[in-house]
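Q:
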Amino acid sequence: MVERVIATDEALALIRQLQAEHGQIMFHQSGGCCDNSAANCYLPTDLTIGPYDIQLGEVGGVPFYIGKLQYEYWKHTQLILDVIEGQGGTFSLEGSTGKAFHTRSRLFTDEEWASIEAQVLSDLA
1 MVERVIATDE ALALIRQLQA EHGQIMFHQS GGCCDNSAAN CYLPTDLTIG PYDIQLGEVG
61 GVPFYIGKLQ YEYWKHTQLI LDVIEGQGGT FSLEGSTGKA FHTRSRLFTD EEWASIEAQV
121 LSDLA
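According to full-length UniProt numbering, the sequence shown is numbered sequentially starting from 1.
(1) I need the DSSP call for LEU47, collapsed to helix, strand or coil.
(2) Taking DSSP as the reference, what is the three-state secondary structure of ALA11?
(3) Grab me the residues of TYR52's own chain with a C-beta within less than 7 Å of its C-beta, minus the 5 sequence neighbours each way, in chain order.
(4) Take HIS76 and list the residues in its own chain whose beta-carbon comes closer than 8 Å to its own, dropping the five residues that flank it on each side.
(5) Go ahead and pull the three-state DSSP assignment for ILE116.
(6) How many whole angstroms separate the CB atoms of VAL120 and ALA100, which I take to be in contact at a CB cut-off of 8 Å?
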């Protein structure tokens, strides 16, 4: 199965650091408001996931969500959660670490996309 979201080793290390400090966490890919188009890390009690959000998968055992409208724009890509040096998003838990989560993407190959579509149809059956 093709993963829709993955994380670099640096992102996984920062996830473990945040889990050690905060316990349970989650990600939501921002649609571009105050924190631009960034993957923001939250405590599960800090953000309500609703009917307009899709869980793309998990990174480091942490759920990763995206809004449906944002998903429609990025559905043909694999999201790659990475880390850069600098100030994190003002809403995101890593903001004080001197690092920031950063989303990169790559287009799925035709074969990967066919596999994803087949899995979606299977899930609907």
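Heads up, the beta-carbon is just placed ideally off N, CA and C, and yes, glycines get one too.
A: For this structure:
(1) coil
(2) helix
(3) GLY67 and LYS68
(4) LEU107, PHE108 and TRP113
(5) helix
(6) About 32 Å separates the two Cβ atoms, so there is no contact after all.
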